[in-house]
Amino acid sequence: MASISSILTPTNLIHTSKKPTEISQALSSQFLRPISFHPPHILLRISPVAARPPTRLFAVAEAATQGASSVAERKLYIGNIPRNVNNEELTRIVQEHGAVEKAEVMYDKYSGRSRRFAFVTMKTVEDANAAIEKLNETEVGGRKIKVNITEKPVVNTVDLSILQAEESQFIDSPYKVYVGNISSTVSTETLKNFFSEKGKVLSAKVSRVPGTSKSSGYGFVTFSSEEEVEAAISSFNNALLEGQPIRVNKA
1 MASISSILTP TNLIHTSKKP TEISQALSSQ FLRPISFHPP HILLRISPVA ARPPTRLFAV
61 AEAATQGASS VAERKLYIGN IPRNVNNEEL TRIVQEHGAV EKAEVMYDKY SGRSRRFAFV
121 TMKTVEDANA AIEKLNETEV GGRKIKVNIT EKPVVNTVDL SILQAEESQF IDSPYKVYVG
181 NISSTVSTET LKNFFSEKGK VLSAKVSRVP GTSKSSGYGF VTFSSEEEVE AAISSFNNAL
241 LEGQPIRVNK A
């Protein structure tokens with residue numbers, strides 16, 4: 001019968017003459033080898049990344065700000081253009097004096113007719129300045145156009161907030177007239193009161209150069225019926241408003 005020690009002993013140690021203490025040491029060396037860890041190389045890989053300052057976000061924000069400023073310096077407002085001038089025709093006119101990046105004529109969302117003004121972004125500031133010098137106050141289709149750099153927002157926040165309130169309160173309608181050649185002193189309230197003399201005005205507004213309190217020289221008046229539109233045109237076209245003859249037609 002095999003001894004207990006021979007059963008419990010690994011096969012490679014059976015029939016050994018070693019003492020129990022020597023057997024324990026042998027087992028320890030065979031099965032209980034120390035496991036070594038080497039974390040330093042992992043820490044070395046992580047530490048430089050964690051220590052790197054997050055400068056890229058600031059660089060991206062600064063570049064975006066500079067880009068917006070650059071576009072504003074190259075963007076032109078072109079007013080009083082003929083209704084038949086579209087984006088392609090406007091591009092052809094302007095690019096004779098500089099490289100055009102984008103031209104966009106503004107249209108009424110109800111009638112689809114041109115609102116007689118547009119924005120043109122030039123390739124460079126030099127192109128923008130050249131277009132202003134050559135085109136401002138020149139005639140296109142029998143109309144004297146106005147060309148200037150799109151103005152920056154006004155500092156006077158009180159005036160700006162009033163204009164924003166007027167814009168939000170304007171009630172648009174398919175029954176609308178365009179009022180051109182209005183004086184720079186005419187306010188939205190003045191325009192509304194003037195047209196109210198001959199009928200019920202739904203709403204009115206004076207258009208402003210985007211981001212400023214400066215009048216664009218035209219406005220809109222809305223009514224609730226086609227009959228009121230026709231009455232406004234027949235009554236007020238070429239009428240004097242603050243000493244200046246205005247043009248009134250369907251918008």
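Per UniProt numbering: the sequence shown ends with 251, consecutive numbering throughout. The beta carbon of each residue, even a glycine, is placed where N, CA and C say it ideally should be.
Practice task
State the Cα-Cα distance for the pair K200 and F223, rounded to the nearest angstrom.
Solution key: Between K200 and F223, the C-alpha separation is close to 7 Å.
Practice task
Please say whether L202 and I171 have beta carbons closer to each other than 8 Å?
Solution key: Using a Cβ distance threshold of 8 Å, I171 and L202 count as a contacting pair.
Problem - Where the beta strand (DSSP E) containing residue 257 begins and where it ends - result: An answer regarding residue 257 cannot be provided, because it is not within the stretch 1 to 251 covered by the chain.
Handout entry: DSSP state of A231 mapped onto helix, strand, coil
Key = Correct three-state label for A231: helix.
Practice task
Round the Cβ separation of K205 and G219 to the nearest angstrom and send it over; I've been treating them as touching at under 8 Å.
Solution key: About 6 Å; that satisfies the 8 Å criterion.
Practice task
From the DSSP output, read off the bridge partner residues of I78.
Solution key: I78 pairs with A118, V147.
Handout entry: Q169 in three-state terms, based on DSSP
Key = Under the three-state reduction of DSSP, Q169 is assigned to helix.
Practice task
Within 10 angstroms of the Cβ of M106, are there 16 or more other Cβ atoms? Answer buried if so, exposed if not.
Solution key: Counting of Cβ neighbours within 10 angstroms places M106 among the exposed residues, the total staying below 16.
Exercise for the section: Tell me whether the beta-carbon of V179 lies closer than 8 Å to the beta-carbon of V248. Expected result: It is a contact, given that the beta carbons lie within the stated cut-off.
Exercise for the section: Kindly indicate which residue of Y77, L90, K109, T185 has the alpha-carbon position closest to the one of I132. Expected result: If we check each option's Cα against that of I132, Y77 comes out closest.
Problem - Among K109, Y110, R115, nearest to N84 - alpha-carbon criterion - result: Comparing alpha carbon positions, the residue from K109, Y110, R115 closest to N84 is R115.
Exercise for the section: Would you kindly report the start and end of the unbroken alpha helix (DSSP H) that includes T190? Expected result: In the DSSP assignment, T190 falls within the alpha helix (DSSP H) that extends over 188 to 196.
Exercise for the section: With hydrogens ignored, establish whether the beta-carbon of V94 is closer than 7 Å to any heavy atom of the ligand ZN. Expected result: Among the components modelled here there is no ligand, and therefore nothing to report on the ligand ZN.
Practice task
Have a look at V71 and Y175 and give me their C-alpha separation to the nearest angstrom.
Solution key: In this structure, the alpha-carbon of V71 lies about 36 Å from that of Y175.
Handout entry: Residues near E88 in its chain [Cβ-Cβ closer than 7 Å; skip 5 each side]
Key = Excluding its 5 nearest sequence neighbours in each direction, E88 has no C-beta neighbour in its own chain below 7 Å.
Exercise for the section: Would you mind reading off the limits of the beta strand (DSSP E) that contains E133? Expected result: In the DSSP assignment, E133 falls outside any beta strand (DSSP E) and within the unbroken alpha helix (DSSP H) covering 125 to 135.
Problem - For K123, the nearest candidate out of G112, G142, A99, V140 (CA to CA) - result: Check the Cα spacing between K123 and each of G112, G142, A99, V140: the tightest is with A99.
Practice task
Flag this pair as yes or no: are the beta carbons of R74 and A130 separated by less than 8 Å?
Solution key: Their beta carbons are not under 8 Å apart, which means R74 does not touch A130 by this criterion.
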